[in-house]
Amino acid sequence: MSRGEEREEPPETVPPLQPSDRVASVPPSGIRRFFELAEEMDDVISLGVGEPDFSAPWAAREAAIASLEQGRTSYTANRGTRELREEIAAHVTTYDQHYDPDEEILVTAGASEAIDAAFRALVNPGDTVAIAEPAYVSYEPGVRFAGGDPLSVPTRAEDEFKLTPEVLYEHGADEADLLVYCYPNNPTGATMNREEITAVAEFCMEHDVGVLADEIYAALTYSGDHASIATVDGMRERTIVFNGFSKAYAMTGLRLGYAMGPPGAIRAMNRIHQYTMLSAPTTAQHAAVEALRSCDDEVAEMRRQYDRRRNFVLTRFEEMGIDCFEATGAFYVFPESPWDDAGEFAEALLEAESVAVVPGDAFGAGGSGHLRASYATGLGELREAMARIERFID
Amino acid sequence: MEERAEILELLRENARYSVADLARMTGLDEAEAAATVEALEADGVVRGYQAVVDWSQWTDEPVQAHVELNVTLDRETSYRDIADRIAKFSEVRSLRLVSGDYDFALEVEADTMGEVSRFVSEKVAPVPEITQTVTHYIMDTYKDDGIVFDDEDDDERLSVTP
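From first to last, the protein sequence lines are chains A and B. Take the first sequence: its letters are residues 0 to 393, numbered as in numbering that gives the first Met the number 0. Take the second sequence: its letters are residues 0 to 161, numbered as in numbering that gives the first Met the number 0.
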């Protein structure tokens, strides 16, 4: 072959490192766009934040520091330190949950890791996972990454976004293999009492649906006690409960959560966890032990602060004539958008008044026409944000 | 009673909350919230409202001292009697009977160190029941009335997160 002579074109190939079909099938989070818009602006008061504005209790932080000073920086047991699992087992008896620290508790890097591990451990390709929506943004992608088929079950505004057997039937969840939900709910702030959760439990038992109950906001319940579906007779063996330290203990950045469930399921999840994470962050585990041992007062104080802000925000929306059901959990309220298109409203509000709220449809079906407003923000800022919203809609 | 405790806690947190905001936060209506504040004042539970000042950020920093006082009592003189005499001086910011090695803990404030010294030696020490005074000048204040004096309130959270 002489120089200059045309080489034969190689057959067309796809360049390397293309995202897999599975990843390509999952769009980026709808929240991302709002984040980018808000980041471009100065002086934004954000009611779009999904994490506490408090710092972790000092005792927990100090325990983390002390553990570092003592050089306790090695891996822990895959499932988490025994000390921490025992503290967790003792702690969750508050919710009448009883789990064996050796066999039934898995400590993970945030509840998010636990939920992902549960999808991957329990979902076969083609399995259907019903998702009560509006919902935390990770469930649907998690199901898809695991090869399952997500089934959207939108809850209704007239039910105050509680999950009911009616909507489960209406959307065909009786055929589902698993149901995943979060109560107290992000994004709506809805909670479910024992009677309501029992109705869902009966549906699940009748149709043999397993439950992944995300109870990360359990400690932030402002009316009555948190009711866990796992404590309904017959449900313990078909439920995995997720909880963690991010919300109640304001430890989001420490990345620590846990899953509790029957030994077989926890073992299966641990199989994934041990190969992917090995063990949850060690420093965070030391902080968490201290958090459970000595920070009840701080948690109660944060809850009291949230409750006041919740009252404040609900009253202000009412004064503005914005329809908003009385959210009784987490740190969100979910008012109706004053405009039909909540996305347009949120964007216009951000541009005109530099107040960030998140349109409800970012959290899936059933959220459209609503806005998520987080009150994990100081009262001074909440007061100012509400004044700006009032001015904007006038 | 529960409303009173709630309102009291809120006023301690921020005495400048408006009655309307107190009502919004507690779920009371405005008239109830106003009446609760008034009752707290009328009953002498709330004795006043003052700013918490970080003097290091102000041009004229007053001199403050913590003074320990030891006293002897007799049949005619109680702690209260002695306290009444001392508390009347405008230099005295606070006066407390305490347990331990000394009897009264006194906070004194004046414009200069000399003024504080003179006040203690000329007004306080000569009170007949007072047997000893120990004056500690305040050198720096890191936290006062529950408020930490630092600049660490930057919110590092991302503005919009799920």
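C-beta: ideal position from N, C-alpha, C; glycine also. As the structure is a prediction and not an experimental result, all values here were calculated from the model.
Residue i: contacting residues in chain B (beta-carbon distance under 8 Å)
i: A:F311; result: D20, R23, M24
i: A:R307; result: L9, M24, T25
i: A:R143; result: The premise fails here: A:R143 is roughly 16 Å from chain B at the closest Cβ pair, so nothing lies under 8 Å.
i: A:R382; result: D20
Residue i burial status per 10 Å Cβ neighbour count (16 or more: buried)
i: B:P125; result: exposed
i: B:D149; result: exposed
i: A:R382; result: buried
i: B:Y141; result: exposed
i: B:E146; result: Strictly speaking, residue 146 of chain B in this sequence is Ile, with Glu absent from that position. B:I146 should be labelled exposed.
i: A:M0; result: Residue placement at A:M0 cannot be trusted, given a pLDDT of 47 that sits under 50; what the coordinates show is reported in the next sentence. So A:M0 ends up on the exposed side.
i: A:Q96; result: buried
i: A:E363; result: It should be noted that the sequence gives Gly, not Glu, for residue 363 of chain A. Buried is the call here.
i: A:L16; result: exposed
i: A:M191; result: buried
i: A:L277; result: exposed
i: B:S55; result: exposed
i: B:S98; result: exposed
Distance CB(residue i)-CB(residue j) smaller than 8 Å
i: A:T75; j: A:T251; result: no
i: A:G359; j: A:S367; result: yes
i: B:V115; j: B:A64; result: yes
i: B:V18; j: B:V36; result: yes
i: A:G188; j: A:T327; result: yes
i: A:V398; j: A:M259; result: Within the shown structure, residues of chain A are numbered from 0 to 393, placing residue 398 of chain A beyond reach of any answer.
i: A:V128; j: A:A175; result: yes
i: A:L121; j: A:L177; result: yes
i: A:P186; j: A:P133; result: yes
i: A:A290; j: A:A59; result: yes
i: B:R92; j: B:E108; result: yes
i: A:I388; j: A:M319; result: yes
i: A:V240; j: A:L83; result: no
i: A:P56; j: A:C294; result: yes
i: A:G256; j: A:S66; result: no
i: A:R307; j: A:V332; result: no
i: A:D283; j: A:R254; result: The sequence as given places Ala at residue 283 of chain A; Asp does not occur at that position. In contact: A:A283 and A:R254 (Cβ atoms closer than 8 Å).
i: B:A22; j: B:E29; result: yes
i: B:Y48; j: B:A82; result: no
i: A:A229; j: A:A212; result: yes
i: A:A116; j: A:H272; result: yes
i: A:I114; j: A:G79; result: no
i: B:E31; j: B:E2; result: yes
Proximal chain A residues relative to residue i, where beta-carbon distance stays under 8 Å
i: B:D154; result: D52
i: B:S158; result: F34, A37, E38, V43, S45, G47, V48, A355
Residue from the options whose Cα sits closest to the Cα of residue i
i: B:T76; options: B:V91, B:Q56, B:A19, B:P127; result: B:P127
i: B:M24; options: A:A361, A:A63, A:N185, A:V312; result: A:V312
i: A:V25; options: A:A249, A:F144, A:P334, A:T197; result: A:F144
i: B:S158; options: A:A229, A:V298, A:V43; result: A:V43
i: B:D73; options: B:E90, B:I129, B:I146; result: B:I129
i: A:T238; options: A:S227, A:R315, A:P124, A:M276; result: A:S227
i: A:D99; options: A:A131, A:A287, A:E86; result: A:E86
i: B:V133; options: B:E67, B:R46, B:E2; result: B:E67
i: A:S54; options: A:C323, A:S245, A:S222, A:G109; result: A:S245
i: A:V22; options: A:G146, A:D52, A:N123; result: A:G146
i: A:A361; options: A:R81, A:V136, A:I114; result: A:V136
i: A:V152; options: A:G171, A:E159, A:G141; result: A:G171
i: A:R193; options: A:A286, A:G223, A:V166; result: A:G223
i: A:A286; options: A:R71, A:P14, A:S19, A:T12; result: A:R71
i: A:I321; options: A:E343, A:A329, A:I392, A:M268; result: A:I392
i: B:L39; options: B:P161, B:M138, B:E5, B:F88; result: B:E5
i: B:G113; options: B:F88, B:V62, B:N13, B:D28; result: B:V62
i: A:N242; options: A:H272, A:P334, A:L277, A:P183; result: A:P183
i: A:L36; options: A:Y138, A:D158, A:V142, A:G342; result: A:G342
i: B:I85; options: B:T71, B:R46, B:L105, B:G99; result: B:L105
i: A:R292; options: A:A88, A:V142, A:G79, A:P27; result: A:A88
i: A:T154; options: A:A131, A:T275, A:D41; result: A:A131
Cross-chain neighbours of residue i in chain B, by beta carbon under 9 Å
i: A:Y135; result: P161
i: A:I30; result: V159, T160, P161
Cross-chain neighbours of residue i in chain B, by beta carbon under 7 Å
i: A:T107; result: Going along chain B, no residue has its Cβ under 7 Å from A:T107, so there is no contact; the nearest lies around 18 Å.
i: A:T314; result: R23
i: A:R60; result: Per Cβ cutoff of 7 Å: no residues; A:R60 is ~13 Å from chain B at best.
Any non-hydrogen atom of the ligand SAM closer than 7 Å to residue i Cβ
i: A:P337; result: By its list of ligands, the structure shown contains no ligand whatsoever, and the ligand SAM lies outside what it can speak to.
Mind the definition here: the segment 43–53 of chain A touches the segment 366–375 of chain A only if three or more C-beta pairs lie below 8 Å; say whether that holds. yes
For the pair the segment 217–225 of chain A and the segment 198–206 of chain A, tell me if three or more CB-CB distances fall below 8 Å. no
On the three-pair Cβ rule with 8 Å, is the segment 101–117 of chain A touching the segment 255–274 of chain A? yes
Segment contact flag, the segment 283–303 of chain A with the segment 332–348 of chain A, C-beta cutoff 8 Å, min 3 pairs: no
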